[in-house]
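In this note's numbering, the protein residues as written are 289 to 594. Where a beta carbon is used, it is the ideal one built from N, C-alpha and C, also for glycine. As the structure is a prediction and not an experimental result, all values here were calculated from the model. What follows is a set of notes on a single structure, which appears directly below.
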Ligand code: 3PG
């Protein structure tokens with residue numbers, strides 16, 4: 289089979305060689321498209337692909353239509369909002385993710401961003417400490433649980449909200465369950481966002497929730513920019529000069545936010561939560577193994593468009 293690894297943001301070299309070894313070892317051929325400049329480059333590259341490994345690359349209906357031999361897309365990572373699932377399903381293409389494989393990297397970055405903001409973006413101004421503060425974790429999945437454990441080790445009090453878990457499940461993950469998003473925001477010095485971008489969550493974090501946060505609070509977003517109502521964020525930061533926002537997913541209005549709020553806002557230049565060698569290896573190799581297994585045995589565990 290012809291497998292295309294298409295990563296606008298490339299994997300570490302060690303991950304690419306691991307992916308090759310696994311796929312070529314099973315008799316497949318591997319093509320690599322990295323750092324491509326235009327979406328049309330991806331559209332052209334999929335012409336003869338039978339399987340596709342991507343990261344946040346946009347697997348649109350156009351990409352799927354341009355790949356008549358495509359059988360499977362594996363998103364090496366957790367969120368699959370970059371894949372047009374309806375178009376894939378209509379074309380009979382299986383879509384999978386690799387849940388959990390890059391979670392630790394994202395969780396470590398969330399903690400790092402919190403320290404960065406607590407220490408005034410590493411300027412000499414007096415900062416604060418995380419110990420003794422409350423963190424509210426919005427969605428207690430693979431990343432949220434790891435953030436909770438690390439925050440606990442730093443001496444933080446950990447609250448979590450997850451509508452898909454029982455209170456007992458949240459407690460067994462080491463957090464105190466809360467039962468509404470309003471309560472989570474109103475009770476947390478830091479809120480760490482780990483919800484996916486879905487129709488129900490897009491723009492769901494806006495003025496009311498952000499201004500419900502206590503004095504001096506920081507909103508931390510290592511999830512998706514789409515879940516934030518950016519106008520609401522702007523107004524909240526205007527009305528509450530004590531609040532701050534830090535994110536690994538740059539808002540569309542970041543220039544305006546920076547001009548207005550300076551050190552109270554920070555966005556990484558390019559999403560880097562999962563950009564560690566370890567996460568690249570974990571997610572990339574898992575993707576390669578899932579493809580081998582799919583072609584060898586028809587295994588569709590981790591399929592997200594069933
Ligand atoms: C994910 O959903 O797995 C993360 O957002 C990482 O995305 P990336 O592979 O584009 O870095």
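query	result
Alpha-carbon spacing of residue 411 relative to residue 404, whole angstroms	9 Å
Per-residue DSSP class, three states only, for residue 282	Examination of residue 282 is not possible in this model, given that the chain is present from 289 through 594 alone.
Check: residue 294 C-beta below 8 Å from any heavy atom of ligand 1	no
Heavy atom of ligand 1 within 8 Å of residue 392 beta-carbon	no
Proximity winner among 491, 429, 315 and 582, relative to residue 518 (alpha-carbon distances)	491
Stretch-stretch touch, CB-based, cutoff 8 Å, three pairs: the region 493 to 501 with the region 527 to 534	yes
Three CB pairs or more closer than 8 Å across the region 480 to 488 and the region 460 to 472	no
Any non-hydrogen atom of ligand 1 within 8 Å of residue 429 CB	no
Beta-carbon separation (whole angstroms), residue 438 vs residue 406, contact threshold 8 Å	That pair is no contact at about 14 Å.
Beta-carbon contacts of residue 310 that lie in its chain and below 7 Å, excluding the five residues immediately before and after	573, 576, 577 and 580
Per-residue burial, residue 414 [other beta carbons within 10 Å of its own, 16 or more giving buried]	exposed
Cut-off 8 Å between Cβ atoms - residues of its own chain near residue 522, not counting five sequence neighbours on either side	541, 544, 545 and 548
Within 6 Å of ligand 1: residues by beta-carbon to any heavy atom	297, 343, 344, 365, 366, 367, 390, 559, 561, 562 and 563
Cβ-Cβ distance between residue 371 and residue 341 below 9 Å	no
Alpha carbon of residue 630 to alpha carbon of residue 527, nearest angstrom	The chain is shown from 289 up to 594; residue 630 falls before or after that span and cannot be answered.
Contiguous alpha helix (DSSP H) assignments of at least 4 residues, all confined to the region 330 to 403	349 to 353 and 373 to 378
Exposure of residue 454, with buried meaning 16 or more beta-carbon neighbours within 10 Å	exposed
C-beta contact flag for residue 496 and residue 520 at 9 Å	yes
Three-state secondary structure (DSSP) of residue 466	coil
Contact belief for residue 480 with residue 553 at Cβ below 8 Å, rounded distance in angstroms	With a Cβ gap of about 16 Å, residue 480 and residue 553 do not count as contacting.
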